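S.K.: Shown below is the structure under consideration.
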Amino acid sequence: MGLYTEKQRRLLKRWQQGKLARINILQGAVRSGKTWISLVLWSFYAAGLPKDAPLLMAGKTLTTLKRNVLEPLKDMLGEHFSYSLSKKEAQLFGRTVYLEGVSDARSENKIRGITLQGAYCDELTLFPEAFFSMLLSRLSRPDAKLIATTNPDSPNHWLMQNYLSRKDLDLLQVRFRLTDNTFLPDDYIESLKKEYTGVFYKRFILGEWAVASGLVYPMFCPEKHVKKYPVSQNAAFYISVDYGTLNPCSMGLWQVENGSAYRLGEFYYDGRKQNRLRTDAEYYGDLERLAGDLPIEFVILDPSAASFIAEIRRHGKFSVRKANNKVLDGIRRVSALLKASRLLFHPDCRDIIREFGEYAWDETAKEDKVIKESDHAMDDMRYFASTVLCS
Ligand SMILES: Nc1ncnc2c1ncn2[C@@H]1O[C@H](COP(=O)(O)OP(=O)(O)OP(=O)(O)O)[C@@H](O)[C@H]1O
Ligand SMILES: [Mg+2]
Numbered sequence: 000m001g002l003y004t005e006k007q008r009r010l011l012k013r014w015q016q017g018k019l020a021r022i023n024i025l026q027g028a029v030r031s032g033k034t035w036i037s038l039v040l041w042s043f044y045a046a047g048l049p050k051d052a053p054l055l056m057a058g059k060t061l062t063t064l065k066r067n068v069l070e071p072l073k074d075m076l077g078e079h080f081s082y083s084l085s086k087k088e089a090q091l092f093g094r095t096v097y098l099e100g101v102s103d104a105r106s107e108n109k110i111r112g113i114t115l116q117g118a119y120c121d122e123l124t125l126f127p128e129a130f131f132s133m134l135l136s137r138l139s140r141p142d143a144k145l146i147a148t149t150n151p152d153s154p155n156h157w158l159m160q161n162y163l164s165r166k167d168l169d170l171l172q173v174r175f176r177l178t179d180n181t182f183l184p185d186d187y188i189e190s191l192k193k194e195y196t197g198v199f200y201k202r203f204i205l206g207e208w209a210v211a212s213g214l215v216y217p218m219f220c221p222e223k224h225v226k227k228y229p230v231s232q233n234a235a236f237y238i239s240v241d242y243g244t245l246n247p248c249s250m251g252l253w254q255v256e257n258g259s260a261y262r263l264g265e266f267y268y269d270g271r272k273q274n275r276l277r278t279d280a281e282y283y284g285d286l287e288r289l290a291g292d293l294p295i296e297f298v299i300l301d302p303s304a305a306s307f308i309a310e311i312r313r314h315g316k317f318s319v320r321k322a323n324n325k326v327l328d329g330i331r332r333v334s335a336l337l338k339a340s341r342l343l344f345h346p347d348c349r350d351i352i353r354e355f356g357e358y359a360w361d362e363t364a365k366e367d368k369v370i371k372e373s374d375h376a377m378d379d380m381r382y383f384a385s386t387v388l389c390s
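Rendered as structure tokens:
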């Protein structure tokens with residue numbers, strides 16, 4: 000085993016021969032060694048520039064930039080690299096590097112007007128396209144370079160449509176596979192593979208640009224996931240709620256033991272279908288009936304359900320947690336749990352079982368989007384999984 004993987008060595012050779020492009024995009028599977036070599040290239044590049052060359056490193060947020068890039072760079076370079084998030088600045092071989100998080104909708108305004116020699120982008124598919132095109136226009140110095148890493152996304156994504164699939168740009172793209180990283184132990188690779196299913200497996204393990212299509216949870220299988228179990232004395236209990244007045248309201252009662260969860264029961268009410276809307280006070284009664292005598296650790300709700308959260312708090316019986324509502328992260332989490340048979344359902348949970356057969360991706364969307372129908376029990380389950388079963 001050498002200092003670099005074979006794939007990394009080839010890229011390094013290109014750099015030594017002066018064959019990097021203006022835009023260099025390292026894309027592919029997770030843990031495949033993209034960030035590592037991109038930081039080596041970025042460091043070499045910066046070290047060879049005049050001391051006053053303006054540089055920028057950007058990530059989705061400053062926090063992810065720190066975790067993914069700034070800390071590894073510090074480990075790699077020791078005293079040659081230091082940074083301050085509060086100043087949004089780093090020092091790389093004595094050169095000043097501006098740091099930027101791009102998640103803000105108007106983030107491109109932050110770089111409007113500046114001139115750059117070099118830019119580094121972490122997780123490029125998570126950038127707004129407007130920021131990226133602004134960034135390219137700011138890289139106006141001769142021989143300016145951009146180095147970016149990313150995992151693949153949908154083939155409809157702006158990065159694929161407007162950059163990677165074009166032949167007329169000064170752009171180098173290198174695809175990394177999981178097997179390219181020969182530093183990873185086999186059992187680690189095997190456990191990584193288990194974490195991803197469906198379209199996420201294609202993207203994050205195989206490194207393919209794949210559309211999210213069909214059912215969101217194709218791995219759900221009644222024979223495997225629907226079972227009758229008794230209530231366990233040693234378990235912890237939770238209720239998750241996707242609140243709706245005009246739209247359906249769904250609540251799930253969960254029993255958690257040894258890292259696995261069992262949906263013991265549910266409440267589901269469709270105000271439109273029933274031609275009558277329920278009040279928050281009535282929903283509170285439904286919540287109490289669902290809980291029965293079980294000691295509920297807390298109730299998890301979508302953060303937008305302000306009136307119902309207030310209603311629950313007023314009674315002082317249940318504690319309340321606002322759910323983590325990052326949709327795609329939650330879907331990935333639920334997928335992995337289903338694949339591992341760590342989410343199971345009582346046969347009486349008819350509405351969630353029905354929604355499993357209907358909840359689908361919107362294949363016409365430019366980015367990953369679910370069709371916002373049959374997503375009520377799906378959402379309460381997702382809130383539960385990403386708040387309680389998050390590790
Ligand atoms: N040349 C190398 N020498 C030693 N370790 C390496 C090398 N390249 C990669 N690694 C190891 O492999 C791990 C994954 O590499 P890296 O972070 O570059 O992957 P990545 O492709 O950026 O993954 P992700 O898509 O998850 O961000 C690193 O944490 C590091 O420990
Ligand atoms: Mg990376």
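Quick note on numbering that gives the first Met the number 0: the sequence shown kicks off at 0 and runs consecutively. We put the CB at the ideal spot given by N, CA and C, even for glycine. From a predicted model like this one, the values you see are computed outputs, not experimental measurements.
1. Report the residue ranges of all beta strand (DSSP E) runs contained in full by the stretch 170 to 202; include only those spanning at least 3 residues, in chain order.
2. When you compare the CB positions of M218 and K338, do they come within less than 9 Å of one another, or not?
3. Please determine whether the Cβ atom of T148 lies at a distance below 8 Å from any heavy atom of ligand 2.
4. So, with DSSP's three-state summary, where would you put M0?
5. May I ask whether a heavy atom of ligand 1 can be found less than 8 Å away from the beta carbon of V29?
6. Which same chain residues end up closer than 8 Å to L48 when comparing Cβ atoms and leaving out the 5 residues on each side of it in sequence?
7. Below 8 Å on the Cβ atoms is my contact criterion, and I expect G206 with G27 to pass it. Report the Cβ-Cβ distance as a whole number of Å.
8. Return the Cβ separation of T386 and I295 in integer angstroms, given the expectation that the two are a contact with Cβ distance under 8 Å.
9. Cβ of F175 versus every heavy atom of ligand 1: is any distance shorter than 8 Å?
10. Confirm the yes/no value for this check: CB of N233, any heavy atom of ligand 2, distance under 8 Å.
11. Sorted by chain position, which residues of the same chain lie with C-beta nearer than 6 Å to A20's C-beta, five sequence neighbours on each side aside?
12. Please report the straight-line C-alpha distance between E357 and D279, rounded to a whole angstrom.
13. Using 8 Å as the cut-off, classify the Cβ of T62 as near or not near the heavy atoms of ligand 2, replying yes or no.
14. Cutting at 8 Å between CB atoms, please list the residues of its own chain near M0, excluding the five before and the five after it.
15. CB A211 to CB E362, shorter than 9 Å?
16. Using DSSP bridges, identify the partner residues of D241.
17. Going by alpha carbons, who is nearest to E407 out of C220, V101, T244, A309?
18. Could you give the distance in angstroms between the alpha-carbon of V68 and the alpha-carbon of L40?
19. Thinking just about the alpha-carbon of each residue, which of Q160, I24, Y242 is nearest to the one in I146?
20. Please name the residue, chosen from L177, V225, G213, that lies closest to R202 on a Cα-to-Cα basis.
21. Please specify which runs of the beta strand (DSSP E), each continuous and at least 3 residues long, are wholly inside the stretch 74 to 140, giving them in chain order.
22. I'd like to confirm something about T34: is its beta-carbon nearer than 8 Å to some heavy atom of ligand 2, or not?
23. Between which two residues does the alpha helix (DSSP H) carrying S334 extend?
M.R.: To lay it out plainly:
1. 170 to 175
2. yes
3. yes
4. Unreliable placement is indicated for M0, whose pLDDT of 41 sits below 50; no coordinate value is reported for it.
5. yes
6. L54, R94, Q116, G117
7. 4 Å
8. That pair is no contact at about 14 Å.
9. yes
10. no
11. D169, L170, L171
12. 28 Å
13. no
14. In this predicted model, M0 has a pLDDT of only 41, less than 50, meaning its place in the structure is not dependable enough to derive any value.
15. yes
16. S249
17. For residue 407 there is no data in the structure shown, the boundaries of the chain being 0 and 390.
18. 13 Å
19. I24
20. L177
21. 80 to 83, 88 to 91, 94 to 100, 117 to 121
22. yes
23. 326 to 338
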